[in-house]
Amino acid sequence: MKACVLRAPAAIETNPLEYADVAAPEPRSGEVLVRVRTCGVCRTDLHVIEAELPPRKSPVIPGHQVVGVIEKFGEGTKRFAVGARVGIAWLHQTDGTCEYCRSGAENLCDNPVFTGYSVDGGYAEYIIAPQDFVYVIPDGFPDEQAAPLLCAGIIGFRSLRLSGIKAGGRLGFYGFGAAAHVAIQVARHWGAEVYASTRDARHQKLALELGAAWAGGTFEATPKKLDAAIVFAPAGEIVPAALRALKKGGVLVLGGIHMSPIPSFSYDLLYQERVIRSVANNTRRDGEDFLRVAAGIPIRTYVQTFPLADANRALNALKNDAIPGAAVLRVSE
Ligand SMILES: [Zn+2]
Ligand SMILES: [Zn+2]
Numbered sequence: 049m050k051a052c053v054l055r056a057p058a059a060i061e062t063n064p065l066e067y068a069d070v071a072a073p074e075p076r077s078g079e080v081l082v083r084v085r086t087c088g089v090c091r092t093d094l095h096v097i098e099a100e101l102p103p104r105k106s107p108v109i110p111g112h113q114v115v116g117v118i119e120k121f122g123e124g125t126k127r128f129a130v131g132a133r134v135g136i137a138w139l140h141q142t143d144g145t146c147e148y149c150r151s152g153a154e155n156l157c158d159n160p161v162f163t164g165y166s167v168d169g170g171y172a173e174y175i176i177a178p179q180d181f182v183y184v185i186p187d188g189f190p191d192e193q194a195a196p197l198l199c200a201g202i203i204g205f206r207s208l209r210l211s212g213i214k215a216g217g218r219l220g221f222y223g224f225g226a227a228a229h230v231a232i233q234v235a236r237h238w239g240a241e242v243y244a245s246t247r248d249a250r251h252q253k254l255a256l257e258l259g260a261a262w263a264g265g266t267f268e269a270t271p272k273k274l275d276a277a278i279v280f281a282p283a284g285e286i287v288p289a290a291l292r293a294l295k296k297g298g299v300l301v302l303g304g305i306h307m308s309p310i311p312s313f314s315y316d317l318l319y320q321e322r323v324i325r326s327v328a329n330n331t332r333r334d335g336e337d338f339l340r341v342a343a344g345i346p347i348r349t350y351v352q353t354f355p356l357a358d359a360n361r362a363l364n365a366l367k368n369d370a371i372p373g374a375a376v377l378r379v380s381e
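Going by our numbering, the sequence shown opens with residue 49, and the numbers climb by one from there.
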């Protein structure tokens, strides 16, 4: 099969993904083989490629927002029919036995497996996954529209939940890429007012089109104090600025898997019961709940598609803020 393979981590400017022929995987017991139609491009893929996350598998095929159809099963695998359209996300598998899994927090599992990081992902014509970690994609979404729901969408949704935002509340977004452009639609649906802080003028424009009450520069003061804010950009220097925008008791959620160091700041910014918390992965329940909410609203994703062979180009564009919405690889029809 054709795949984009990372042989060794390197800066994306050096185009390290090799478009190559590799052996297609075979499903084992409990697994499905999925023929990939589309795969979303996520900032986490950049963190994997550039080794901001320590390598777990090498060589590796990145990609964890996979939409495709079931083509084959391993032994004893019966949850889906051949031809069913499904999604595969970042959380590839958990041990199901650690204290976190047993307490309903499988996103914090001690022995997790991640798609496109610790096992091969969806920048390829075929992928395997455990049937229990595969999502049903709601019918209303075309393949390329559905792909960004699987990480940008789900992680944005978990970030919204952890922010505690309610109808009538004011919510800030720092960074307005793939996750934020989906999360704003959920937040607006819930009746929250959204303030978008981002360095890129195209992203500010998209935020306003999607109903933001205000859009401005990353370090510009928001016109009103916020009940909660979510930092999607991987830049630690945003944290003190976002705290400054919060009301007393406000919640700051850090939505990324990787962030540059957070500079020290005066305790005044945190005092008055402000809270900072991170988001790590998601539970399957988050994913299923989000896909139901997304179909009900319905969410519309803004996507720019690239052929599989052009994954390096898509990732370079993402790094340069040149994608309004989300980048998606089209792998097959
Ligand atoms: Zn576990
Ligand atoms: Zn992701």
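Glycine included, every Cβ here is placed at the ideal spot set by N, Cα and C. Since the structure is predicted, the reported quantities are computational estimates derived from the model, not experimental observations.
- If you keep only unbroken beta strand (DSSP E) runs of at least 3 residues inside the stretch 77-113, you get 79-89.
- In this structure, the alpha-carbon of E123 lies about 20 Å from that of I136.
- Per the C-alpha coordinates, the member of S380, H229 and G144 positioned closest to P160 is G144.
- Partner residues in the beta bridge of V242, as assigned by DSSP, are L219.
- Residues of the same chain with a CB within less than 8 Å of the CB of I97, apart from the 5 flanking positions on each side, are L54, P57, A58, I60, P64, L65, P110 and L363 in chain order.
- Boundaries around G204 are those of the alpha helix (DSSP H), A200 to S211, since no beta strand (DSSP E) includes it.
- Nearest neighbour of A153 by Cα position, chosen from A99, T331, G373 and Q352, turns out to be T331.
- Buried is the label assigned to N360, since at least 16 other Cβ atoms lie within 10 Å of its Cβ.
- Apart from sequence neighbours up to five positions away, the residues of its chain that approach G78 with a beta-carbon distance below 7 Å are G122, G124, T125, P178 and Q179, ordered along the chain.
- When the Cα atoms are used, L197 and C157 turn out to be separated by approximately 22 Å.
- In this structure, the straight-line span from the alpha carbon of D334 to that of R206 is close to 7 Å.
- Sixteen is the threshold: when 16 or more other Cβ atoms of the shown chains lie within 10 Å of the Cβ of A235, as they do, the residue is buried.
- Distance check between V323 and each of G304, E147 and L300 places L300 closest, using alpha-carbon atoms only.
- Close CB contacts of F313 within its chain, under the 8 Å cut and outside five residues either way in sequence, are with V287, P288 and L291 (chain order).
- Looking at the DSSP output, V279 sits in a beta bridge with Y222 and L302.
- G239 sits exposed, since fewer than 16 C-beta atoms from the chains shown fall within 10 Å of its C-beta.
- Per DSSP, L156 is not a residue of any beta strand (DSSP E), being assigned neither H nor E.
- For K253, the secondary structure class from DSSP, reduced to helix, strand or coil, is helix.
- With a cutoff of 7 Å, D168 does not count as near ligand 1, since its C-beta is closer than that to no heavy atom of the ligand.
- Closest by C-alpha distance to R250, out of I213, P282, R104 and Y350, is Y350.
- Judged by DSSP in its simplified three-state form, Q320 adopts coil rather than helix or strand.
- Non-local beta-carbon contacts of L219 in its own chain, meaning distances under 6 Å to residues more than five positions away in sequence, involve I213, A235, A240, V242 and A276 in chain order.
- When the five nearest sequence neighbours on each side are left out, the beta carbons in the same chain lying within less than 6 Å of the beta carbon of I305 are those of T92, in order along the chain.
- The beta carbon of Q141 sits closer than 6 Å to those of V161, P178 and F181, all from its chain and outside the five residues before and after it, given in chain order.
- The residue among F224, V184 and P186 with its C-alpha nearest the C-alpha of A200 is F224.
- DSSP places E66 in the strand class (E or B) of the three-state scheme.
- Taking C-beta atoms as the reference points, Y174 and V108 fail to come closer than 8 Å.
- Environment of ligand 1, chain-ordered: T142, D143, C146, C149 and C157, taking every residue with Cβ within less than 5 Å of a heavy atom.
- Apart from sequence neighbours up to five positions away, the residues of its chain that approach I310 with a beta-carbon distance below 6 Å are G284 and V287, ordered along the chain.
- Under the 10 Å beta carbon count, P282 is surrounded by 16 or more other beta carbons and is classified as buried.
- Sequence-distant Cβ neighbours of I203 in its own chain, meaning closer than 7 Å and more than five residues away, are A227, G303, V327 and N330.
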